[in-house]
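See below for the structure under consideration.
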Amino acid sequence: MSLVFALVDCNNFYVSCERLFDPALEGRPVVVLSNNDGCIVARSNEAKRLNIPMAAPIYQYKKVIEKHKVHVLSSNYSLYGELSKRIMDLLLSFSPDMEVYSIDEAFLRLDSLFAISSFDYALKIKKTIMKHLGLPVSIGLGPTKTLAKVANYMAKNHSVSGVYSVLEWKDQEEVLRGFPLTKLWGVAKRSSLKLNKIGIYDALQLRRAEPSFIRKHLTLTGERLCLEIKGNSCLPLEDLRDKKSIGSSRSFPKDLKLLSEIEVVLANCIFRVCEKLRLQKNFCQSFHLFLQTSPFRKGQKYYCGRTQGSLRYATNDTRIILTAARGLLLEIYRPSLFYHKVGIVLLGLSPSTFVEQTLFETVDHNKAIKLMETVDRINSREGQGKLFIARQKNKDSIQRTGKRKSPSYTGSWFELAKVRC
DNA sequence: TCTGGGGTCCTAGGACCC
DNA sequence: TCTGGGGTCCTAGGACCC
11 MSLVFALVDC NNFYVSCERL FDPALEGRPV VVLSNNDGCI VARSNEAKRL NIPMAAPIYQ
71 YKKVIEKHKV HVLSSNYSLY GELSKRIMDL LLSFSPDMEV YSIDEAFLRL DSLFAISSFD
131 YALKIKKTIM KHLGLPVSIG LGPTKTLAKV ANYMAKNHSV SGVYSVLEWK DQEEVLRGFP
191 LTKLWGVAKR SSLKLNKIGI YDALQLRRAE PSFIRKHLTL TGERLCLEIK GNSCLPLEDL
251 RDKKSIGSSR SFPKDLKLLS EIEVVLANCI FRVCEKLRLQ KNFCQSFHLF LQTSPFRKGQ
311 KYYCGRTQGS LRYATNDTRI ILTAARGLLL EIYRPSLFYH KVGIVLLGLS PSTFVEQTLF
371 ETVDHNKAIK LMETVDRINS REGQGKLFIA RQKNKDSIQR TGKRKSPSYT GSWFELAKVR
431 C
């Protein structure tokens, strides 16, 4: 039986989430900013039409924003996270074979449908999400993940229904002719230039090339891409639990010099990443720490200090990782520099169901696990940040939140949307 | 003046071992 | 003066994605 992949992708996700609770934003150009209100990370179609690019620093587009009265919002990740969870739960009811690819995207396998065509089924998914959650999505159908991505691009840009299929051979040929290489999943400027050098300028030419020849120029990733757009599936659905690392980092609203201030931000990163680790029911065995100066700052050479730390035993205890990381931060900290960003990546992840004992010490894992579970439960019920570790103190003085953030409509009883009758 | 945060995969090259 | 060959593991860095 041939495979059917559906890629469900929310349209302008962050903007759509904001519009859900503030309908006045409908039809207006809207952008959402990154942490510290630095870059533009989401744009409404109206903002896209004003040629405001993705990931652009906001200050470079001040004039356009003022001229066209673009509505600017800080990001409200707890709102987006909550709505994303609701979408994914709903999608799971349409197919148990699902991969959550990002906050606003998921792949579904639909090849075991018998009574209904996959196109009609995709239409039904789209309508259900709109009806239950009020969020617009586009759906692409293809025999491989990469072709489903191509179909999704077509659904977003060249379809009235919001669903597009390239399941048929002739549709694939037609769509890929003239399809820009940089719109393919996994191809950006560098790779497209390399392909140009060997005479390949569109996706159809790549489809007709010899995979082993592409490998010579674009390594294994390129060979797989070539096979995928020919219709040979090489990329299976992946399980989120198989993640190899998880991390948390923050850039500072203003450059920091004092170790004590950097430690506070790092403590908050560690608190967040450990919460994530426990949520996915994993332990970690080691971690990677980094501290860097701004690559944009003039008058100071870019510095990125990195180091790796091992833990005596696999754990998800915030306190243990915090203590280990503080010691290592000293190794990469240079007192003379002004810093821009700090972060931690947890590695060597393993299921927390399996508890490893060390040879020379008896560790009471259960006690630590219970304590951490309690902290997570209270924070989940009472709102993030109710319980925290003392080292996270004064976090608001160093970690500014967005100035234009919308209320926590779905996350706090005190910020529910109000309806006037 | 102001430039995010969270990931993945691959490769080259160094360190080290026998 | 002449200084092997094969293997593994680790890390940094590049490229890419959303």
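Residues 11 to 431 in the numbering used here are what the first sequence lists, from first letter to last.
Beta carbons are placed, not taken as given, at the ideal position from N, Cα and C, and that holds for glycine.
Handout entry: First and last residue of the uninterrupted beta strand (DSSP E) at E115
Key = For the purposes of this step, residue 115 is taken as residue 105 along the first sequence, with counting starting at 1. Element bounds for E115: E115 to R119.
Practice task
Report yes or no: do the region 13-28 and the region 153-160 share at least 3 C-beta pairs separated by less than 8 Å?
Solution key: yes
Problem - Neighbourhood of L35 by C-beta distance below 7 Å, restricted to the same chain and skipping five residues each side - result: Position 25 of the first sequence, counted from the start, is the residue given in the question as residue 35. Closer than 7 Å at the Cβ level, and outside the excluded window around L35, lie E28, R29 and H81.
Handout entry: Pick from S128, F300, K58 and H168 that is closest to V185, judged by C-alpha positions
Key = Position 175 of the first sequence, counting from 1, holds the residue named residue 185. Among S128, F300, K58 and H168, the Cα nearest to that of V185 belongs to H168.
Problem - Identity of the residues DSSP links to Q302 by a beta bridge - result: Start at 1 with the first residue of the first sequence, and residue 302 comes out as number 292. Per DSSP, C314 and K351.
Handout entry: Burial state of H350, where buried means 16 or more other Cβ atoms lie within 10 Å
Key = Counted from its first residue, the first sequence places residue 350 at position 340. Its Cβ being crowded by 16 or more others within 10 Å, H350 is buried.
Problem - G209, DSSP secondary structure in three states - result: Numbered from its first residue, the first sequence carries residue 209 at position 199. G209 falls in the coil class under three-state DSSP.
Problem - Of the residues N22, D107, E56 and F23, the one placed nearest G37, counting alpha carbons only - result: Here residue 37 refers to the residue found at position 27 when the first sequence is read from its first residue. That would be E56, whose Cα lies nearest to the Cα of G37.
Practice task
On the DSSP bridge assignment, give the partners of C294 in chain order.
Solution key: If you number the first sequence from 1, residue 294 lands on position 284. Answer is T325, bridged to C294.
Problem - Straight-line Cα distance separating K311 from Y343 - result: Taking the first residue of the first sequence as position 1, residue 343 is located at position 333. Taking the first residue of the first sequence as position 1, residue 311 is located at position 301. Those two C-alpha atoms are separated by around 15 Å.
Problem - Per-residue DSSP class, three states only, for C431 - result: Here residue 431 is taken as the residue at index 421 of the first sequence, counted from 1. Here C431 sits in coil by DSSP.
Exercise for the section: Can you tell me which of the three DSSP states C244 falls into? Expected result: Here residue 244 is taken as the residue at index 234 of the first sequence, counted from 1. Of the three classes helix, strand and coil, the one that applies to C244 here is coil, per DSSP.
Handout entry: For S243 and E109, the rounded distance between their alpha carbons
Key = As a first step, residue 109 is located in the first sequence; it is residue number 99 there, counting from the start. As a first step, residue 243 is located in the first sequence; it is residue number 233 there, counting from the start. If I take the Cα positions, the gap works out to 15 Å.
Problem - Which residues DSSP lists as bridging F15, in chain order - result: The residue given as residue 15 occupies position 5 in the first sequence. R119 and G152.
Practice task
Note down the Cα distance separating R238 from G196, rounded to an integer number of angstroms.
Solution key: In the first sequence, the residue the question calls residue 238 occupies position 228. In the first sequence, the residue the question calls residue 196 occupies position 186. For the record, residue 238 in the displayed sequence is Glu; it is not Arg. The alpha-carbon atoms of E238 and G196 are separated by roughly 11 Å.
Practice task
Under 6 Å Cβ to Cβ from L93, same chain only, skipping five residues before and after it: list those, please.
Solution key: Here residue 93 refers to the residue found at position 83 of the first sequence. Once the five neighbours on either side are set aside, the close Cβ partners of L93 are C27.
Handout entry: Counted within 10 angstroms of its Cβ, other Cβ atoms place M164 as buried (16 or more) or exposed
Key = Within the first sequence, the letter at position 154 stands for residue 164. Counting Cβ neighbours within 10 Å, M164 comes out buried, since at least 16 surround it.
Practice task
Could you tell me how far apart the beta carbons of V147 and V160 are, in whole angstroms, since I believe they sit closer than 8 Å?
Solution key: Within the first sequence, residue 147 is the residue found at index 137, counting from 1. Within the first sequence, residue 160 is the residue found at index 150, counting from 1. Incorrect: roughly 17 Å between the Cβ atoms, too far for contact.
Exercise for the section: Would you tell me roughly how many angstroms separate the C-alpha atoms of P263 and I210, rounded to the nearest one? Expected result: Within the first sequence, the letter at position 253 stands for residue 263. Within the first sequence, the letter at position 200 stands for residue 210. Between P263 and I210, the C-alpha separation is close to 44 Å.
Problem - Option nearest R162 by Cα separation, candidates S122, A116 and K141 - result: Taking the first sequence and counting its residues from 1, the one referred to as residue 162 is at position 152. The question names Arg, but residue 162 in the sequence shown is Asn. For the residues S122, A116 and K141, the minimum Cα distance to N162 belongs to A116.
Exercise for the section: Please work out which residues of its chain come closer than 8 Å, Cβ to Cβ, to A427, disregarding the five sequence neighbours upstream and downstream, and give them in chain order. Expected result: Along the first sequence, one-based indexing puts residue 427 at 417. These residues qualify, in order along the chain: F31, P417 and Y419.
Handout entry: Whether S259 touches I139 by CB criterion (9 Å)
Key = Residue numbering aside, residue 259 sits at position 249 when the first sequence is read from its first letter. Residue numbering aside, residue 139 sits at position 129 when the first sequence is read from its first letter. No. Outside cutoff.
Handout entry: L301 versus G315 - alpha carbon distance
Key = As a first step, residue 301 is located in the first sequence; it is residue number 291 there, counting from the start. As a first step, residue 315 is located in the first sequence; it is residue number 305 there, counting from the start. Computed Cα separation, rounded: 5 Å.
Handout entry: P67, DSSP secondary structure in three states
Key = Within the first sequence, residue 67 is the residue found at index 57, counting from 1. If DSSP states are grouped into helix, strand and coil, P67 belongs with the strands.
Problem - With 16 other Cβ atoms within 10 Å as the buried cut-off, status of L233 - result: Within the first sequence, the letter at position 223 stands for residue 233. In the sequence on display, residue 233 carries Glu and not Leu. Answer is buried; the Cβ neighbour count reaches 16.
Exercise for the section: Classify S407 as helix, strand or coil using the three-state DSSP reduction. Expected result: Locating residue 407 in the first sequence gives position 397, counting from the first residue. Confidence in S407 is poor, its pLDDT being 48 and thus under 50, which makes the residue's placement unreliable; the coordinate value appears in the next sentence. If DSSP states are grouped into helix, strand and coil, S407 belongs with the helices.
Handout entry: Beta-bridge partners of L43, as assigned by DSSP
Key = Your numbering for residue 43 matches position 33 in the first sequence. Answer is I50 and S84.
Practice task
Run through the region 134-186 for me and flag every whole alpha helix (DSSP H) of 4 or more residues, listed as ranges in chain order.
Solution key: 155-167 and 179-186
Problem - Reduced DSSP category for L235 - H, G, I as helix; E, B as strand; rest coil - result: If you number the first sequence from 1, residue 235 lands on position 225. Correct three-state label for L235: helix.
Practice task
Determine, using beta carbons only, whether E273 and L205 come nearer to each other than 9 Å.
Solution key: Working through the first sequence from its first residue, we reach residue 273 at position 263. Working through the first sequence from its first residue, we reach residue 205 at position 195. Not in contact: E273 and L205 (Cβ atoms no closer than 9 Å).
Problem - Counterpart residues of E109 in DSSP-defined beta bridges - result: In the first sequence, the residue the question calls residue 109 occupies position 99. Bridge partners of E109: F117.
Handout entry: Three-state class that DSSP yields for L268 in the structure shown
Key = By 1-based counting over the first sequence, the position of residue 268 is 258. DSSP places L268 in coil when its eight states are reduced to three.
Handout entry: 6 Å CB neighbourhood of L118 in its chain, flanking five on each side removed
Key = As a first step, residue 118 is located in the first sequence; it is residue number 108 there, counting from the start. These residues qualify, in order along the chain: A16, S105 and M108.
Problem - Reference E183, options L214, R200, V173 and E425, closest by Cα - result: By one-based count along the first sequence, residue 183 stands at place 173. It is L214 whose Cα lies nearest to the Cα of E183.
Problem - Residue from V170, Y111, S112 and L102 with nearest C-alpha to L133 - result: If you number the first sequence from 1, residue 133 lands on position 123. Nearest option by C-alpha distance: V170.
Handout entry: The alpha helix (DSSP H) enclosing R59, as first and last residue numbers
Key = Along the first sequence, read from residue 1 onward, the residue named residue 59 stands at position 49. First-last of the alpha helix (DSSP H) with R59: N55 to R59.
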